[in-house]
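Visitor:
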Amino acid sequence: MGFISDALNRIQPSATIAATQKARDLKAQGRDVIGLGAGEPDFDTPDNIKEAAIEAIRRGETKYTAVDGIPELKQAICAKFKRENGLEYKPEQAFVAPGGKPIIFNAMVATLNPGDEVIIPAPYWVSYPDIVLLAGGKPVFVETTLENNFKLTPDALEAAITPKTKWFFFNSPSNPSGAAYTEQELRALTDVLVRHEHVWVLTDDMYEHLVYDGFKFTSPAQVEPKLYNRTLTMNGVSKAYSMTGWRIGYCAAPVELIKAMTKVQSQSTSNPTSISQWAAVEALNGTQDFIPKNAAIFKERRDLVVSMLNQAKGIQCPTPEGAFYVYPSSAGCIGKTTPDGKVIESDEDFAIALIEAEGVSVVHGAAFGLSPFFRISYATSTEALTDACERIQRFCGSLK
Ligand SMILES: Cc1ncc(COP(=O)(O)O)c(C=O)c1O
Numbered sequence: 002m003g004f005i006s007d008a009l010n011r012i013q014p015s016a017t018i019a020a021t022q023k024a025r026d027l028k029a030q031g032r033d034v035i036g037l038g039a040g041e042p043d044f045d046t047p048d049n050i051k052e053a054a055i056e057a058i059r060r061g062e063t064k065y066t067a068v069d070g071i072p073e074l075k076q077a078i079c080a081k082f083k084r085e086n087g088l089e090y091k092p093e094q095a096f097v098a099p100g101g102k103p104i105i106f107n108a109m110v111a112t113l114n115p116g117d118e119v120i121i122p123a124p125y126w127v128s129y130p131d132i133v134l135l136a137g138g139k140p141v142f143v144e145t146t147l148e149n150n151f152k153l154t155p156d157a158l159e160a161a162i163t164p165k166t167k168w169f170f171f172n173s174p175s176n177p178s179g180a181a182y183t184e185q186e187l188r189a190l191t192d193v194l195v196r197h198e199h200v201w202v203l204t205d206d207m208y209e210h211l212v213y214d215g216f217k218f219t220s221p222a223q224v225e226p227k228l229y230n231r232t233l234t235m236n237g238v239s240k241a242y243s244m245t246g247w248r249i250g251y252c253a254a255p256v257e258l259i260k261a262m263t264k265v266q267s268q269s270t271s272n273p274t275s276i277s278q279w280a281a282v283e284a285l286n287g288t289q290d291f292i293p294k295n296a297a298i299f300k301e302r303r304d305l306v307v308s309m310l311n312q313a314k315g316i317q318c319p320t321p322e323g324a325f326y327v328y329p330s331s332a333g334c335i336g337k338t339t340p341d342g343k344v345i346e347s348d349e350d351f352a353i354a355l356i357e358a359e360g361v362s363v364v365h366g367a368a369f370g371l372s373p374f375f376r377i378s379y380a381t382s383t384e385a386l387t388d389a390c391e392r393i394q395r396f397c398g399s400l401k
């Protein structure tokens with residue numbers, strides 16, 4: 002028996018954090034590196050939110066709070082769900098954690114028994130399978146295709162459900178593909194879920210506000226009220242409000258689940274940072290003006306990146322509806338050889354050769370459960386994106 006637990010040995014460190022770190026390390030060594038691995042907006046947190054946090058410190062809001070969040074934030078969360086999603090929740094159904102990630106972690110630790118299955122469409126956000134494994138459950142992957150714009154079909158969902166299925170994870174717009182389901186596409190999935198009463202839905206709506214070309218965001222419990230009593234609707238301030246470092250995620254769900262998650266959090270992190278909670282109150286209740294402004298900037302960058310990548314030899318890049326990622330296929334580069342004689346056999350080889358040759362850091366698709374793709378985060382300046390895409394074009398053009 003080793004010192005490290007079997008549970009920990011089942012999981013991998015986050016591939017996206019590793020890619021970001023590698024880019025940082027190379028930069029520190031003096032290499033000219035453009036990091037397109039990080040999943041965070043390059044915008045600063047809006048001033049009204051920062052001011053609310055400074056005010057909270059001055060007022061002395063610096064003590065432990067209720068484990069599941071301050072009442073003011075729970076009220077703001079309920080108001081947000083009503084205003085933006087047409088979902089009615091009472092404050093006792095709302096819950097706050099130190100980020101969106103711990104929301105999922107708490108929910109899984111609170112509900113999974115060994116052998117319980119969790120359906121995860123691929124490509125998926127890197128942390129989903131590992132959180133499920135750490136909590137003792139079994140991830141069940143259902144692959145999507147580029148031809149279907151990385152969206153799960155109702156038939157594939159139906160086929161994946163077994164008597165052991167406990168949760169279905171839904172993420173729209175998606176990290177890593179940027180795919181977002183229309184109301185009609187989502188309804189096709191909720192029609193399947195309604196028929197399987199033992200399956201709970203965890204919807205990760207983190208990128209709700211980052212949708213383009215007039216796309217209308219909808220959430221499962223909103224589209225199908227029959228799922229309300231078995232849906233965990235999760236969101237957070239990290240992406241929409243450029244608050245990744247503040248560590249605030251939130252959700253709403255049936256009270257029984259919220260109580261169980263509170264129990265887990267009471268014995269792990271305790272409450273999320275008091276000051277960040279007050280900042281989140283201002284984020285949700287204050288002006289939302291900068292959200293469409295930021296989204297317009299992201300849309301321009303998306304269009305630039307998609308167009309430039311499609312001009313790279315061997316790359317095929319679909320246009321996603323939302324988030325700040327594209328998920329191009331590197332299929333046309335696999336089997337080719339770099340000028341220094343390395344054969345590219347996988348998307349991981351592609352990502353490694355790209356950073357070595359041109360100093361562009363991307364994350365390979367295998368980390369998200371679907372090859373031969375790679376993920377680019379376009380949450381960086383237009384200049385850096387243009388430079389990076391020119392380098393990718395040059396790299397792909399150099400392959401024989
Ligand atoms: C799909 C998705 N869900 C959840 C999170 C977690 O967000 P947080 O930083 O609030 O933990 C992320 C962050 O990358 C994400 O991409």
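For what it's worth, the numbering used here labels the leading residue of the sequence shown as 2, then goes sequentially.
The beta carbon of each residue, even a glycine, is placed where N, CA and C say it ideally should be.
Comparing alpha-carbon positions, which option in 192, 240, 304 lies nearest residue 383?
Guide: Ranking the options by Cα distance to residue 383, first place goes to 304.
Visitor: Contact check, residue 94 vs residue 254 under 8 Å by CB: the rounded distance?
Guide: Yes, they are in contact, since the Cβ atoms of residue 94 and residue 254 sit about 6 Å apart, within 8 Å.
Visitor: Is the CB-CB distance between residue 376 and residue 130 below 8 Å?
Guide: No, the pair does not count as a contact, with Cβ atoms beyond the cut-off.
Visitor: Bridge partners for residue 205 per DSSP, in chain order?
Guide: Its beta-bridge partners are 172, 235.
Visitor: Would you call the segment 197-216 in contact with the segment 227-241, where contact means no fewer than 3 C-beta pairs closer than 8 Å?
Guide: Yes, the segment 197-216 touches the segment 227-241.
Visitor: Compute the minimum distance between the beta carbon of residue 149 and the heavy atoms of ligand 1, and state whether it is under 7 Å.
Guide: Not under cutoff, so the answer is no.
Visitor: Tell me which residues share the same chain as residue 227 and place their Cβ nearer than 7 Å to its Cβ, disregarding the 5 neighbours each side in the sequence.
Guide: Cβ neighbours of residue 227 beyond the five flanking positions: 195.
Visitor: Report the residue from 82, 36, 278 whose alpha carbon sits nearest the alpha carbon of residue 236.
Guide: Ranking the options by Cα distance to residue 236, first place goes to 82.
Visitor: On the CB-based measure, 16 or more other CB atoms within 10 Å of its CB, does residue 115 come out buried or exposed?
Guide: Under this definition residue 115 is an exposed residue.
Visitor: With three or more beta-carbon pairs closer than 8 Å as the criterion, would you say the segment 244-253 touches the segment 97-113?
Guide: Taking 8 Å as the limit for Cβ pairs, the verdict is that the segment 97-113 does touch the segment 244-253.
Visitor: Are three or more beta carbon pairs between the segment 352-367 and the segment 388-396 nearer than 8 Å?
Guide: Counting Cβ pairs under 8 Å, three or more are found: they touch.
Visitor: Taking just the CA atoms, how far does residue 366 sit from residue 38?
Guide: In a straight line, the C-alpha of residue 38 is about 12 Å away from that of residue 366.
Visitor: Quick test of the definition: if touching needs 3 or more C-beta pairs under 8 Å, does the segment 276-290 touch the segment 44-53?
Guide: Yes: the two stretches touch, three or more of their Cβ pairs being nearer than 8 Å.
Visitor: Comparing alpha-carbon positions, which option in 143, 279, 400 lies nearest residue 335?
Guide: Ranking 143, 279, 400 by Cα distance to residue 335 puts 400 first.
Visitor: Counting pairs of Cβ atoms below 8 Å between the segment 110-124 and the segment 161-173, do you hit three or more?
Guide: Taking 8 Å as the limit for Cβ pairs, the verdict is that the segment 161-173 does touch the segment 110-124.
Visitor: Collect the residues with a C-beta less than 6 Å away from any heavy atom of ligand 1 and give them in sequence order along the chain.
Guide: This criterion selects 40, 100, 101, 102, 126, 172, 176, 205, 207, 237, 239, 245, 250.
Visitor: Please determine if the segment 320-329 and the segment 346-356 are in contact, where contact requires at least 3 C-beta pairs separated by less than 8 Å.
Guide: No, they do not touch.
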